[in-house]
């Protein structure tokens, strides 16, 4: 006869005591501070840690803010400097 198999690792034991626990005690803190992003393998090789990812994203945000001013609507200055024919 085979011995009983061990329970799956995702199952909890029956001897934990949660009687003093508070449901949702850290829920709001977790939701505010948890922001997980899964990187594709090729991207992950370029960024060895979270600091490298954050630095790159901050640089990209600065670049986007600077270039947004360059692609704005024309100011009309070119019209006022045009030569008038007399």
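In our numbering, the protein residues as written are 1 to 86.
Just so it is clear, CB atoms sit at the ideal spot from N, CA and C, and this is done for glycine as well.
The three-state secondary structure of residue 34, taken from DSSP, is coil. Residue 37 and residue 53 have their C-alpha atoms spaced approximately 11 Å apart.
Collapsing the DSSP output to three states places residue 54 in a helix.
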